[in-house]
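A short write-up of the structure that comes next.
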Amino acid sequence: MTSWQCPYCNHFTIVSHKNRTMQTIRLNEKSKQGPAGLEVTSTACANPECIELTVDLAFGQVEVIPRTHSAPLLRLLPMPRVLRRRLLPEAKVISLPDEVPDEIKITYSEAVLIADLSGRASAAMARRCLQGIVRDFFQVPQEKRGNLGAELSLVKEQISPDLWSDIVALRSVGDIGAHMDKNVNEIIDVSPDEAKILIQLIETLFTEWYIARAKRRQRSESLATMLSSKRDAQKLAKASARVGDEPES
Ligand SMILES: [Zn+2]
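If you're matching positions, the sequence shown starts at 604 in the working numbering and goes up one per residue.
Spelled out as structure tokens, the structure:
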């Protein structure tokens, strides 16, 4: 039994043979790949409120282990290369308000879609997304634009402390993803799951900054409309009261 984090509900749940099935399917052997196989891992979330199905695929060379009384056992070899893909849940892109510039929307969806293929590329996209958001949301003037670190320190006072530390972490991992850290010569990997944490932070910024601002504006407009309709009603009431006050002749 192992602990596992469900990608749907984010709960850590226990995985056992009851809620996880692993099967290796043998693929056609006539190709250059030789004896290749597809390992399918399906996991049902143990959280009773969720019970969603996660499906992971791994493709690679297989070892065929003969058995006397049953069909041969297939085992995926760790070398030379195993290709992994998550089939379910599908990468989810949240819908963003109109005021988020298209460039940021595109970079965000690229970060989401590439996460399973390359965590590093996704982290680099998430970092670019962060820079776009900071420039746009806080209206960083053109002449002050350049280095993300400097742009961030310009707006630090306007960011809540808990978000600030997350943003600093995203920037650092993104730098590693984009290979911008000049002191490191070897490429440090970013796993798809780590990239997804960065994407979640970007989504938090969309929600807490753009979506919250859009809601505040909407509420102010509704309040202004409400107030003007109340004033109109008040004027009408006063006018009719005046008519009522006129002495009868
Ligand atoms: Zn779940």
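Each residue gets a CB set at the ideal place from its N, CA and C atoms; glycine is no exception.
Exercise for review: With DSSP as the reference, label Thr657 as helix, strand or coil.
Suggested key: By 1-based counting over the sequence shown, the position of residue 657 is 54. Under the three-state reduction of DSSP, Thr657 is assigned to strand.
Point to revise | Simplified DSSP assignment, three categories, for Gly663 | key: To locate residue 663, count along the sequence shown from 1; it is residue 60. Three-state DSSP puts Gly663 in a strand.
Practice item. Would you kindly report the start and end of the unbroken alpha helix (DSSP H) that includes Phe740? Key: Within the sequence shown, the letter at position 137 stands for residue 740. Looking at the DSSP string, the run of the alpha helix (DSSP H) that includes Phe740 is Gly722 to Phe740.
Review point. Cβ of Glu797 within 9 Å of Cβ of Ala726?
Key: Locating residue 797 in the sequence shown gives position 194, counting from the first residue. Locating residue 726 in the sequence shown gives position 123, counting from the first residue. Yes, Cβ-Cβ distance for Glu797 and Ala726 is below 9 Å.
Exercise for review: In the DSSP assignment, find the beta strand (DSSP E) that holds Thr616 and state where it starts and stops.
Suggested key: Along the sequence shown, read from residue 1 onward, the residue named residue 616 stands at position 13. Per DSSP, Thr616 belongs to the beta strand (DSSP E) from Phe615 to Val618.
Check your understanding: At which residues does the alpha helix (DSSP H) containing Glu760 begin and terminate?
Key -> Position 157 of the sequence shown, counted from the first residue, corresponds to residue 760. Glu760: not part of any alpha helix (DSSP H); DSSP gives it neither H nor E.
**Study point:** Own chain partners of Leu676 with C-beta closer than 7 Å, once the 5 adjacent residues on each side are dropped
**Key:** Stepping through the sequence shown from its first residue, residue 676 is reached at position 73. Cβ-Cβ distances below 7 Å link Leu676 to Ile668 and Arg670 in the same chain, with the five nearest sequence neighbours on each side left out; the list follows chain order.
Practice item. Throw me the rounded Cβ distance for the His672 and Asn650 pair, which I believe falls under 8 Å. Key: For the purposes of this step, residue 672 is taken as the residue at position 69 of the sequence shown. For the purposes of this step, residue 650 is taken as the residue at position 47 of the sequence shown. Actually they do not touch by this definition, with Cβ atoms about 39 Å apart.
Practice item. Could you check if Met829 is buried or exposed, using at least 16 other CB atoms within 10 Å of its CB as the buried criterion? Key: For this step, residue 829 is matched to residue 226 along the sequence shown. The residue in question, Met829, is exposed, as its Cβ has fewer than 16 Cβ neighbours within 10 Å.
Exercise for review: Specify, as a first and last residue, the run of the beta strand (DSSP E) that Ile697 falls within.
Suggested key: The residue given as residue 697 occupies position 94 in the sequence shown. Run containing Ile697: none; DSSP gives neither H nor E here.
Exercise for review: Within its chain, find whatever has a CB closer than 8 Å to the CB of Thr710; leave out the 5 residues flanking it on each side and keep chain order.
Suggested key: Against the sequence shown, residue 710 aligns to sequence position 107. Counting only Cβ-Cβ distances below 8 Å, and skipping sequence neighbours, we find Met728, Arg731, Cys732 and Gly735.
Check your understanding: Are Thr657 and Ser645 closer than 9 Å when you measure CB to CB?
Key -> Along the sequence shown, one-based indexing puts residue 657 at 54. Along the sequence shown, one-based indexing puts residue 645 at 42. Cβ atoms of Thr657 and Ser645: closer than 9 Å.
Exercise for review: Select from Gly749, Ala836, Lys833 and Arg738 the residue whose C-alpha is nearest the C-alpha of Leu808.
Suggested key: For the purposes of this step, residue 808 is taken as residue 205 along the sequence shown, with counting starting at 1. Across the set Gly749, Ala836, Lys833 and Arg738, the C-alpha of Arg738 shows the shortest separation from the C-alpha of Leu808.
Exercise for review: Rounded to whole angstroms, what's the CA-CA distance from Gln837 to Val846? Just pull it up for me.
Suggested key: In the sequence shown, the residue the question calls residue 837 occupies position 234. In the sequence shown, the residue the question calls residue 846 occupies position 243. Each residue's Cα considered, the two are about 14 Å apart.
Check your understanding: Can you tell me where the beta strand (DSSP E) with Glu713 in it begins and where it stops?
Key -> Along the sequence shown, one-based indexing puts residue 713 at 110. Element bounds for Glu713: not the beta strand (DSSP E) but the alpha helix (DSSP H), Asp705 to Ile717.
Point to revise | Contacting residues, own chain, Cβ-Cβ under 7 Å from Arg688 (five flanking each side not counted) | key: The residue you call residue 688 lines up with position 85 of the sequence shown. If the five residues before and after Arg688 are omitted, its C-beta is found closer than 7 Å to the C-beta atoms of Leu660 and Asp719, all from its own chain and listed in chain order.
Practice item. Within the same chain, show all residues whose beta-carbon is closer than 7 Å to that of Ala647, passing over the 5 residues directly before and after it, in chain order. Key: Within the sequence shown, residue 647 is the residue found at index 44, counting from 1. Excluding sequence neighbours, Ala647 sits near Asn622, Ile654 and Leu656.
Practice item. Could you pull the start and end residues of the beta strand (DSSP E) that Leu679 belongs to? Key: In the sequence shown, the residue the question calls residue 679 occupies position 76. Leu676 to Leu679 is the span of the beta strand (DSSP E), which, as asked, contains Leu679.
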